[in-house]
Amino acid sequence: MTKNIKSATIFLMNTFTIETQKMTFGGECIAKLDGKNIFIPFALPKETLEVAITEDKGDYAKAKIVSILKPSPYRREAPCSLYGLCGGCNMMHITDEEQVNIRKQVLKDAFEREGIKVPEIVAISASPFAYRSRFQLHDGGLKQKESNNIIPISTCPIATNEINTYLTSNAQKAKGRVHIFGDSRVTSPSSHFLEAKEISRAKAETRIMGKPNKKIKRKENVHFSGSIINPENICTVNIAGKQITFDVQGFFQSNLEVLEKTIEKVCCNMGGQRVLDMYSGCGTFSVFLADIFKDVTLVEHNRDALVFAEQNMAGKQHTSYGMSGEKFVQSQARSLLDTYGQFDAVVIDPPRSGMEKAVCDWLCREKTYQIRAVSCDPATQARDIAKLVKAGYTLSRLYLLDFYPQTCHIESLACLENNA
């Protein structure tokens, strides 16, 4: 039952009874009101709600829940007193198992919208709580949802034990923006925890990277030089038996248990002479790919990250290119293929915007035997995979990488083969 919308003013002043439909990528549920899409946060599919419209965007509107008339059987009381206020979690009101089902469905919907036949999606999951090892604090707290207000925090149910120890004893003393990383897998510092305060780049230490310790066949390995590093921000973790070093102020996955499982899936049924790690970051995948391929080529535009990739890949046969993927395929790829032959496999982990068009077009042309495509955005991944499938690749497996339980954030791994 709905009320007729006579004007925008009445629309915003009244409450309405609606029935929710499916969940969207942003973690909101869609409902229909007089033919208009209504987006409601903290709702579940197939609930009957009384809602108030908070924003009218013309062809759609946003609403908030006034009362829950018929709750979903998967609704629960969120186990966090800051839920709905803190800007982090937005699915904690849903049972853990149903959260996974919803994220899988959102991923499937994104691929099917691109006309892709989707294999059964397998979820790569770990503990739904006490998993997050990386936080960014602002004056000792977290930012409020849709606001710059700071919420003091002394404990967090999704944080690792090491992070919660810090929050309990040190968070209130932190001033400014502080990056913290804590997990039992942290080997340096020995406390299993690192606090990195932001400093100006002018005060940071400049280092020039050299060649790896172990001599390799090619005359030149490092196609970049120079980086800004603050030694106090360097962290080393033990991932599946290997030491990986990175800058805490840079990017590194914050769910290390799921990361270990993801690495296993990326490397499964792979091997050969040469592999390309596109958008390699600090070389997390490359470190393991070097065990199953004779030579690894890393491409990463962030030269700060490549400094750590060189350290992590020391002694392993590899070549690093500090440039964008587009520049690599335009200026380097052809000569490499002419000299050394085609890559046996490509592992690609682009930013949220997806593969650069030049990179995706190049993969479509080259017909690499295997591609392992990791993504943090279902829509852009589905767009890119659709192009590859049209070019002749087969989507053999699709994984939901459940890095962030209690949130709507979705990462995924698509495995493609070219048997032509």
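Residue numbers (the working numbering): 13 to 432. In this text, a Cβ means the ideal position worked out from N, Cα and C, and glycines have one as well.
Could you tell me whether the stretch 86 to 102 touches the stretch 65 to 77, where touching means 3 or more Cβ pairs closer than 8 Å?
no
Between the stretch 79 to 93 and the stretch 51 to 62, are three or more C-beta pairs nearer than 8 Å?
yes
Starting from C372, follow the alpha helix (DSSP H) in both directions and report where the run begins and ends.
Start and end: 369 to 378.
Stretch pair the stretch 238 to 254 + the stretch 190 to 208: three plus CB contacts closer than 8 Å:
Short answer: they touch.
Buried versus exposed call for D46 [16 or more other C-beta atoms within 10 Å across all chains shown]:
exposed
Do V311 and M325 count as a contact pair if the criterion is CB distance below 9 Å?
no
Just the C-alpha distance for Q354 and R364, rounded to the nearest angstrom, thanks.
27 Å
Helix, strand or coil for L56, going by three-state DSSP, please let me know.
coil
Alpha carbon to alpha carbon, how far is H313 from E322? Give it in angstroms, no decimals.
14 Å
I'd like the list of long-range same chain contacts for G38, defined as Cβ closer than 7 Å, with 5 residues on each side in sequence excluded.
C420
Name the residue from R125, Y411, N49 whose alpha carbon lies nearest to the alpha carbon of V270.
Comparing Cα-Cα distances from V270 to each of R125, Y411, N49, the minimum goes to Y411.
Inspect the beta-carbon positions of I275 and F305 and report whether they are closer than 9 Å.
no
Helix, strand or coil at K48 [DSSP, three-state]
Secondary structure of K48 (DSSP, three-state): strand.
Can you give the Cα-Cα distance for Q342 and K48, rounded to whole angstroms?
46 Å
Could you tell me the alpha carbon to alpha carbon distance between E247 and L56, rounded to whole angstroms?
The sequence shown places Cys at residue 247, not Glu. Their backbone Cα atoms lie some 39 Å apart in a straight line.
Leaving out five residues on either side along the sequence, give the residues of the same chain with a beta carbon under 8 Å from the beta carbon of L119.
I133, P390, L410, L412, I422, S424
Terminal residues of the alpha helix (DSSP H) in which Y178 lies:
Y178 -> alpha helix (DSSP H) spans 173 to 181.
Should C427 go down as buried or exposed, given a rule of 16 or more other Cβ atoms within 10 Å for buried?
In this structure C427 is buried. Its beta-carbon is surrounded by 16 or more other beta-carbon atoms within 10 angstroms.
Could you check the C-alpha separation between V319 and P362 for me, to the nearest Å?
19 Å
Got a sec? Which residues, its chain only, sit under 6 Å from S408 by beta carbon, not counting five neighbours each side?
C427, E429
Give me the DSSP bridge partner(s) of L61.
I30, I80, per the DSSP bridge assignment.
What is the rounded straight-line gap between the Cα of Y143 and the Cα of S347?
44 Å
Any idea what DSSP makes of N475, helix, strand or coil?
The structure shown does not extend to residue 475, since the chain is modelled only from 13 through 432, so no value can be given for it.
The stretch 327 to 345 / the stretch 256 to 268 touching (three or more Cβ pairs under 8 Å):
no
If you count every other CB in all the chains shown that lies within 10 Å of the CB of D303, and 16 or more means buried, which is it?
exposed
Rounded to the nearest angstrom, how far is the Cβ of G284 from that of A394, given a contact under 8 Å?
Wrong, their Cβ atoms sit about 28 Å apart, outside the cutoff.
Less than 7 Å between C-beta atoms, sequence neighbours within five positions excluded: which residues of the same chain meet that for K187?
D151.
DSSP on C279, reduced to helix/strand/coil?
helix
Identify, in the order they occur along the chain, each residue of the same chain with its Cβ nearer than 6 Å to the Cβ of Y405, setting aside the five sequence neighbours on each side.
L428, N430
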